[in-house]
Amino acid sequence: MASSLQIPAAISSSTSAFFGRLPSNNKNSRSWEVSLPRRKHGVCKCISSPSAEQTAYKTKVTRNANMAKLQAGYLFPEIARRRSAHMLKYPDVQVISLGIGDTTEPIPEVITSSMAMRAHFLSTVEGYSGYGAEQGDKKLRATIASTYYKDLGIEESDIFVSDGAKCDISRLQLLFGSEVKMAVQDPSYPAYVDSSVITGQTGLFQKDIEKYGDIEYMRCVPENDFFPDLSTISQADVIFFCSPNNPTGSAATREQLTHLVQFAKNNGSIIVYDSAYAMYISDDSPRTIFEIPGAKEVAIEISSFSKYAGFTGVRLGWTVVPKELLFADGFPVAKDFNRIVCTCFNGASNIAQAGGLACLSPEGLKAMTETINFYKENTEIIVDTFSSLGFNVYGGKNAPYVWVQFPGRSSWDVFAEILEKAHVVTTPGSGFGPGGEGFIRVSAFGHRANILEAAKRIKQLYK
Ligand SMILES: Cc1ncc(COP(=O)(O)O)c(C=O)c1O
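See below:
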């Protein structure tokens, strides 16, 4: 386990890794490498905004107007930028990242050894394979169906293996096109709203209410037990619904999901159900939307190995599009999604898919559960820390996220305060939508030593 004083642990998010790879020797590049004082672990890189240094030459290509609607940066790159600036300001402190929600613990060896074997096999004549099926390896599809959807009527052919849930969120938006109206939990994982904007489903951002036009924001707050009042939704073609939810950590109950499915049926809507954290559920909340009778006619489910097996870098997920789900003209949604997948994607990496199969072996499932339990212990430490300080604390029980309320305060101010005074990175709740204002999200992904150190500093700050 890494020492809590190692800088790489603090900058180990996928975002910073991405920034680190951006070209820095190109004059037109939008990134600048900034050398920090050289230390044991080398050079840190940070991002500054483009300036007059940029070339004046312009192409004749018009900027996509939907891209221009997007507000500022995507949330997590913005947090990475602030964290980098903080590390420049305090080069000698250890910054602990409980922000972006990236996994930190090693992938169990029973899983990596299968990937290594598959990789080595590719170097043999009999073991080499090129492009695989765009929908994924048949055996993996069948095993996902039998592991996560046993006795629920979901079959191998309903499963599309992907390179992660985030990628399929965008592929689904491409499937629906610009004419649909979407509804989304507020707060929610930002990729739903941003991909909707990019696809052209929305109006402009309205600064006064912090919302895009033509999206139904379904407010999820402690007062409604984090389940939206569906009677206030005027029209929703596609409903993005994440349970257990990122960022609030709350999982919808069977009764609530039954209500959601009934609502979708009454309105002719399609639910896109994100179950990326289902294996973190501790109580009897449903693990999949397909536990709800009738869901196959109204729902798609996206999921991922990212937070189960530490596959955030390996990249592997899946989407379930039941054959029973039909568009208004009777055309099967799965057939169109298949076309999108075959056009936009050449199948998940064969090495990653070997890892996915290993995840679902009895030993793999046991190893994944152990890793998840480790993060759940972290969650308890974080919940106890904030509860003992008298804060209202939500989530944590069914998800690796703790949602802490700071009544009357701006989320970004609280984020800045905790970063400045405790050198701990959290995520401002308002970054997930206006319903998140007044909250911060604290991620339980971290080495134990870092979680304990962060807890100590936070207790010191708010005692
Ligand atoms: C709710 C939710 N869905 C999807 C994703 C992305 O998952 P993946 O790594 O499979 O793209 C995340 C990642 O944080 C998430 O929180």
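Residue numbers (the working numbering): 6 to 468.
Note that CB positions come from ideal geometry on N, CA and C, so glycine has one too.
Remember, predicted model here, so these are calculated numbers, not experimental data.
Endpoints, beta strand (DSSP E) assigned at residue i
i: G400; result: N397 to G400
i: M187; result: M187 to D191
i: Y278; result: I275 to D279
i: E260; result: Premise fails: E260 lies in the alpha helix (DSSP H), R259 to N272, not in any beta strand (DSSP E).
i: R446; result: F444 to S448
i: I244; result: V243 to C247
i: I164; result: I164 to S167
Start-to-end residues for the alpha helix (DSSP H) that takes in residue i
i: D173; result: A170 to F181
i: C364; result: N355 to C364
i: G322; result: That residue, G322, is in no alpha helix (DSSP H); its beta strand (DSSP E) goes G322 to V325.
i: F379; result: P367 to S393
i: V419; result: S416 to A427
i: I305; result: Counting along the chain, I305 falls outside any alpha helix (DSSP H), though it belongs to the beta strand (DSSP E) covering A304 to S309.
Assigned secondary structure, residue i (DSSP; H/G/I helix, E/B strand, else coil)
i: V407; result: strand
i: P337; result: strand
i: S54; result: Confidence at S54 is low in this model, with a pLDDT of 49, below 50, so its placement is unreliable and no value can be given for it.
i: Y136; result: coil
i: R224; result: strand
i: V202; result: helix
i: S21; result: Note on S21: pLDDT 35, under 50, position unreliable in the model; the coordinate value appears next. Residue state, collapsed to three classes: helix.
i: V430; result: strand
i: Y154; result: coil
i: Q211; result: strand
i: S435; result: helix
i: Y194; result: coil
i: L330; result: coil
i: Y282; result: coil
i: K468; result: coil
Integer-rounded CB distance, given that residue j should sit under 8 Å from residue i
i: F231; j: M187; result: With a Cβ gap of about 19 Å, F231 and M187 do not count as contacting.
i: P249; j: Y285; result: 6 Å
i: L179; j: I345; result: 6 Å
i: S236; j: T204; result: S236 to T204, Cβ: 27 Å. No contact.
i: C225; j: Q190; result: 5 Å
i: T263; j: I297; result: 5 Å
i: T293; j: S280; result: 6 Å
i: G438; j: S193; result: 6 Å
i: F181; j: F342; result: Not a contact, Cβ separation roughly 10 Å.
i: G208; j: G401; result: Incorrect: roughly 36 Å between the Cβ atoms, too far for contact.
i: P252; j: Y380; result: About 15 Å separates the two Cβ atoms, so there is no contact after all.
Buried versus exposed, by CB contacts within 10 Å (16 or more), residue i
i: T374; result: exposed
i: I214; result: exposed
i: T390; result: buried
i: K301; result: buried
i: Q140; result: buried
i: H125; result: exposed
i: S364; result: For the record, residue 364 in the displayed sequence is Cys; it is not Ser. Looking at its Cβ environment, which holds 16 or more other Cβ atoms inside 10 Å, C364 is buried.
i: S119; result: buried
i: E221; result: buried
i: C347; result: exposed
i: N229; result: exposed
i: V429; result: buried
i: T60; result: exposed
i: L321; result: buried
i: F450; result: buried
i: R446; result: buried
i: K171; result: buried
i: R68; result: exposed
i: V66; result: exposed
i: F420; result: buried
For the segment 62–147, which segments carrying the alpha helix (DSSP H) assignment without a break, of at least 4 residues, lie completely within its bounds, in sequence order? 70–74, 80–94 and 114–126
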